[in-house]
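Since the structure comes first, as C-alpha cells, the remarks are kept for the end.
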Amino acid sequence: MLRIEDTDQTRLVEGAVDRIYDALRWLGIDWDEGPDVGGDYGSYVQSERLERYEQMVTSLFNCDRAYYCFCSAERLKTLRELQAQRHLPPGYDGHCRNLEPAKVAHRVKTEPFVVRFKMLKGGVTTLHDLVRGPVVFENRLQDDFVILKSDGFPTYHLALLTDDSSMEISHVIRGEEWLPSAPKHVQLFEAVGYPVPQFAHLPVLVGSDQKKLSKRTGGASALEYKDKGYLPEAMLNFLAFLGWSLDDKTSIISKDELAAQFSLDRVVPNPAIFDLERLDFLNGYHIREIPPVRWKALVAAECPDSVSDELMSTVAPLLQTRTNRLEEILPNISFLFEDYLPTYDAALLSERLGNDVSMTLHVLQDVVSALSQIDWNVVNIEFAIRGLQDEEHLGIKMRKFIVTLYVAIMGKPQGIPLFDSLVLLGREESLRRFKYAADLLEN
RNA sequence: GGCGCGUUCGUCUAGUGGCCAAGGACAUCGCCCUCUCAAGGCGAAGAUCACGGGUUCGAAUCCCGUACGCGCUACCA
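Residue numbers (my numbering): 1 to 443.
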C-alpha cells in the first residue's frame, strides 16, 4: 500500500509525488493500493482525509485526552530558551492543559489554536521494538505534543493514529529517527483503545563521514542512481544488505528472493555506511547477468541512433564484462563511430616499449604492411599481427607491442579487444590511424 | 543540557556461553588466464570483537560502568 503523507502544507513540492511513484517503480517495488490504483481504504492522500482526522480529535476530546492550546509561537520559543538555560527537560509545559472550559469555548471562536494530546505523566511507556527489543520511556519526561495544527491539518502523529488504525496497518517500519516519538504513538493508540501496531525502527544509512547522507557521500534519490547508470536490481541488492543479512555468506540477491526471504528479525540495529564501491561492484555483477538481448538494448540506448545494428551486435558482448555503470559505455566505443582521429599524447605510443621511439615506429610500419593485403576479418587480422612476433619481423612479444596499437586506434592504452575493433573500423580507417600515429611520433 | 539508540577486519556483515586463537562479501595486494583493460579462477594481508570491571569451569555472546558516535528535543515528517 502506498500512502502520500502531505500534511505539511508549507513543504509541498511540485512533482514530488510523481517522483515517488517513478523511483519505486524503477526499483520494481509496486503496490496494490494507492492514490493511483485505488483500493478499499482510500483516500490514500492525507490532505484528502481531513474529516477523518477531525473525527479522531473529537474522540480524543471525548475521552479527555486532548485540549486546545492558545500559546503563541513567541511564548513557546522563550519557554524553550528558558528550559535550555536552566538545564531542564525540554517540552511543552502544559500551560493550556487546565484552562476554564467556558473561556476555552469562547477563545476557540476568536483566536487561533492548536490541539494537543494529554500524555500520561506517571509511570513508563514501553515500546516492544522488533529490531531493538523493549525500549522504556519515562512518561514524566514526555510532553503534550500538537496533534492538530492551527491550519486544521493533522501532525504526523495524529495522521499515523488515524490512518494506521483505519487502514488496518499491522507494522510500522521506519527510520531510527522516529524512535524518540514512539511513546507518543503507543499512548495515542492506547488512548482510543486501538491495537498498537508492531514497531520496527531501522538503522539509518550514513555517509562515509558517519553523518547523515549528503550529496558527497552518496545521498541522492533512487532516480539519480538510475540516471548515473545503475541497474535497479543492483540498487535493490545493495540496499537490501545494508542493515540486513540473509545468512553468513550470501551477498547477491534478486528481488524475488529478497521478497521471499526478508525478515525483520535479521535486521541489525546499528547504522550502516553507504559504500559506493560496493554498489559499483554489484552493478557490474548484475550487468554481467543480463541476457544478451536485453544487454544489447541497453548499450544501444547509450549510443547515437546512427550506430548500426550490426556494430551493436559485435560490440555489446565485448562491453559486458567491462562495464560497471551504463555511462561508461559510450566513452569505451566512441572511437568506433565518431569520424575523427583519436587525440592522445604521442608518448603513450612508446610507453610500454620502454619509450623506444624507433622500435615503436617499426611496430606501426610493420602492422601497416602486414594488414595491407589480407582479407579483412578477425582471424586474418589476428594471424597477421601475431606473425609480427617472429624473428624476421619485430622479434618481440605481442603483449609488449600491442599497447601501441591500442593507443593508435583508441587513443588510450586499454579498451575493448583490438582485433574486433579493427574489423569494425575497416581497413582504410585502421591503416589511417596507424599511419597518423607514426607521423605523430616522427614530429 | 535532557532523553534514546548504537559500537565485530578500511566498508557491509556472520555470530544469541564452548563448534570462533572470529566466517563471508566489497575494496587492497599477489599469482594464474590473457591481444590491452576487464571479467573469471586461486591465494594473501586485514578485527587484542570500543574500553574497564564483573558473572561463569568457559564470554564477541550475559550484567554493570566509562568513552565515543549518532538521533530526537517544531503547529517537519
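Glycine included, each C-beta is placed from N, C-alpha and C at the ideal position.
Within 10 angstroms of its Cβ, does residue i collect 16 or more other Cβ (buried), or is it exposed?
i: L353; result: buried
i: P183; result: buried
i: M1; result: exposed
i: H106; result: exposed
i: Q210; result: exposed
i: Y53; result: buried
i: N283; result: buried
i: H286; result: buried
i: M87; result: Here the sequence assigns His to residue 87, which means Met is not the residue at that position. Exposed, because fewer than 16 other Cβ atoms sit within 10 Å of the Cβ of H87.
i: R65; result: buried
i: F61; result: exposed
i: D36; result: exposed
i: D164; result: buried
i: I374; result: exposed
i: Q449; result: Nothing about residue 449 can be read from this structure; the chain reaches only from 1 to 443.
i: L418; result: buried
i: L12; result: exposed
i: A347; result: exposed
i: Y406; result: buried
In whole angstroms, what separates the C-alpha of residue i from that of residue j?
i: E14; j: V45; result: 15 Å
i: I20; j: K296; result: 29 Å
i: V509; j: I147; result: Since the first and last residues shown for the chain are 1 and 443, residue 509 lies out of range.
i: N380; j: R386; result: 10 Å
i: R325; j: E177; result: 32 Å
i: L440; j: L298; result: 36 Å
i: L384; j: A370; result: The sequence given here has Ala at residue 384, not Leu. Computed Cα separation, rounded: 6 Å.
i: S170; j: P197; result: 5 Å
i: P317; j: S421; result: 13 Å
i: R399; j: K435; result: 21 Å
i: A102; j: K149; result: 22 Å
i: F337; j: L223; result: 30 Å
i: A408; j: P342; result: 8 Å
i: L50; j: L319; result: 54 Å
i: V357; j: I416; result: 25 Å
i: D227; j: I333; result: 20 Å
i: Q414; j: N237; result: 30 Å
i: A272; j: T217; result: 12 Å
i: Y41; j: F335; result: 57 Å
i: A221; j: A23; result: A small correction: the amino acid at residue 221 is Ser; Ala does not occupy that position in the sequence shown. If I take the Cα positions, the gap works out to 8 Å.
i: E48; j: Q261; result: 36 Å
i: G152; j: R294; result: 51 Å
i: D8; j: N98; result: 28 Å
i: D247; j: F241; result: 11 Å
i: L82; j: P89; result: 11 Å
i: G207; j: N270; result: 14 Å
i: P292; j: T321; result: 12 Å
What residues in its chain sit with their C-beta under 8 Å from that of residue i, if we drop five residues either side in the sequence?
i: G122; result: N139, R140
i: V423; result: T314, W376, N377, V378, I381
i: T404; result: L349, S350, R352, L353, T360, V363, L364, A437
i: L202; result: V131, I173, R174, G175, E176, G243, V267
i: E327; result: K228, G229, E302
i: Q389; result: G395, I396, K397, M398
Looking only at its chain, what residues have a beta carbon closer than 7 Å to the beta carbon of residue i, apart from the 5 residues adjacent to it on each side?
i: L330; result: E302, C303
i: E100; result: none
i: D93; result: L79
i: V368; result: L431, F434, K435
i: G411; result: F335, P342, T343, Y344
i: D143; result: G91, Y92, M119
i: V186; result: T125, L127, V196
Considering only residues of the same chain and omitting the five flanking positions on each side of residue i, which have a CB-CB separation below 6 Å?
i: A200; result: L130, V131, I173, L264
i: R3; result: Y44
i: E168; result: none
i: M447; result: The structure shown does not extend to residue 447, since the chain is modelled only from 1 to 443, so the question has no answer here.
i: T126; result: P134, V136
i: V104; result: Y68
Residue ranges of each alpha helix (DSSP H) run of no fewer than 4 residues wholly in the segment 289-367, ordered along the chain?
Positions of the alpha helix (DSSP H) runs, each at least 4 residues long and wholly inside the segment 289-367, are given as 292-302, 309-320, 329-337, 347-351 in order along the chain.
Given 8 Å, three or more beta-carbon pairs between the segment 113-133 and the segment 145-164:
Touching, per the Cβ criterion.
Tell me, please, whether the segment 276-285 touches the segment 304-313 by the rule of three or more beta-carbon pairs shorter than 8 Å.
Put simply, the segment 276-285 does not touch the segment 304-313. Fewer than three CB pairs are less than 8 Å apart.
Does the count of Cβ pairs from the segment 66-83 and the segment 25-32 closer than 8 Å reach three?
With a cut-off of 8 Å on Cβ pairs, the segment 66-83 is not in contact with the segment 25-32, counting fewer than three such pairs.
Output the residue ranges of the beta strand (DSSP E) runs that lie fully inside the segment 128-182 and measure 3 residues or longer, sorted by chain position.
Entirely contained in the segment 128-182, the beta strand (DSSP E) runs reaching 3 residues are, in chain order, 133-138, 146-148, 171-175.
Pairing CB atoms from the segment 263-277 with CB atoms from the segment 124-134, are three or more of them under 8 Å?
Enough Cβ pairs lie closer than 8 Å, so yes.
Between the segment 392-401 and the segment 361-369, can you find at least three pairs of beta-carbon atoms closer than 8 Å?
Enough Cβ pairs lie closer than 8 Å, so yes.
As an exercise, report each continuous beta strand (DSSP E) stretch of at least 3 residues that is fully enclosed by the segment 385-417, in chain order.
Counting only runs of 3+ residues, no beta strand (DSSP E) is found wholly inside the segment 385-417.
To test your reading of the DSSP string, which unbroken alpha helix (DSSP H) runs of 4 or more residues are found completely within the segment 86-123?
Within the segment 86-123, the complete alpha helix (DSSP H) runs of at least 4 residues are 101-110.
Validate contact between the segment 229-241 and the segment 249-257 using beta carbons, cut 8 Å, 3 pairs
Short answer: they touch.
Alpha helix (DSSP H) runs wholly inside the segment 215-281, at least 4 long, in chain order:
Entirely contained in the segment 215-281, the alpha helix (DSSP H) runs reaching 4 residues are, in chain order, 222-227, 232-240, 255-261.
Please give me, in chain order, every unbroken run of the beta strand (DSSP E) with length at least 3 that falls completely inside the segment 31-84.
Those beta strand (DSSP E) runs which fall completely within the segment 31-84 and span 3+ residues are 66-69.
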